[in-house]
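*Asks:* What follows is a structure written as structure tokens; I'll ask about it next.
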Amino acid sequence: MPNVSRREKIESLLADDPTDVFLRYSLALELGKEGDHDASLARLDELTRDEPPYVPAFFMRAQQLVRLGRVDEARGNLRDGIEVARGQGDAHAAGEMSEFLASLGA
-8 MPNVSRREKI ESLLADDPTD VFLRYSLALE LGKEGDHDAS LARLDELTRD EPPYVPAFFM
52 RAQQLVRLGR VDEARGNLRD GIEVARGQGD AHAAGEMSEF LASLGA
């Protein structure tokens, strides 16, 4: 059997269940690790627009934006994520994103 990359494994699982939030999130992270930042950010953005929004995607998207030098965009993403996390009762995620936002000088 040929070697299958982690991304390919995730994509195969997603083919069976394209709505699986964790698999979609995992694929976004894997794309980022592979350096395909546009695809990764697009997938993370989709997760932030799901109903309900997937809170961890806001934080990961912001971290990636900062690594790419897109700090202002990351700040806006974090503000949105904090609001969503609070709305979902996720004080821990809201706190982590607030700390990261503060570290960016916002």
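Each step along the sequence shown adds one to the number in our numbering, with nothing skipped, and position 32 is 23.
C-beta atoms are modelled at their ideal positions from N, C-alpha and C, and glycine is treated no differently.
#1: Just reading off the alpha helix (DSSP H) that Tyr45 is part of, what are its end residues?
#2: What is the DSSP secondary structure of Asn(-6), counted as helix, strand or coil?
#3: In chain order, what residues of the same chain lie with their CB nearer than 6 Å to the CB of Ala134, ignoring the 5 residues before and after it?
#4: Taking the alpha-carbon positions, what's the Leu59 to Leu92 distance?
#5: Taking only three categories from DSSP, how would you classify Gly86?
#6: Ignoring anything shorter than 4 residues, give me the alpha helix (DSSP H) runs that lie fully in the stretch 16 to 81, in order along the chain.
#7: On a Cα-Cα basis, can you pick out the residue from Ser(-4), Asp41, Tyr45 that is closest to Lys24?
#8: Just the C-alpha distance for Gly96 and Asn(-6), rounded to the nearest angstrom, thanks.
#9: For Asp11, which of helix, strand or coil comes out of DSSP?
*Replies:* To lay it out plainly:
#1: For the purposes of this step, residue 45 is taken as residue 54 along the sequence shown, with counting starting at 1. No alpha helix (DSSP H) holds Tyr45; DSSP gives it neither H nor E.
#2: Numbered from 1 along the sequence shown, position 3 holds the residue referred to as residue -6. Looking at Asn(-6) - three-state DSSP - the assignment turns out to be coil, as it is neither helix nor strand.
#3: Shown here, the chain extends from -8 to 97; a query on residue 134 therefore has no answer.
#4: Position 68 of the sequence shown, counted from the first residue, corresponds to residue 59. Position 101 of the sequence shown, counted from the first residue, corresponds to residue 92. Between Leu59 and Leu92, the C-alpha separation is close to 16 Å.
#5: In the sequence shown, counting from the first residue as 1, residue 86 sits at position 95. Helix at Gly86.
#6: 28 to 39, 46 to 58, 62 to 78
#7: Residue mapping note: residue 24 aligns to position 33 of the sequence shown, counting from 1. Cα-wise, what sits closest to Lys24 is Ser(-4).
#8: Residue numbering aside, residue 96 sits at position 105 when the sequence shown is read from its first letter. Residue numbering aside, residue -6 sits at position 3 when the sequence shown is read from its first letter. Looking at the two C-alpha atoms, the distance is approximately 44 Å.
#9: Translated into positions along the sequence shown, residue 11 becomes position 20. Asp11: coil per DSSP, three-state reduction.
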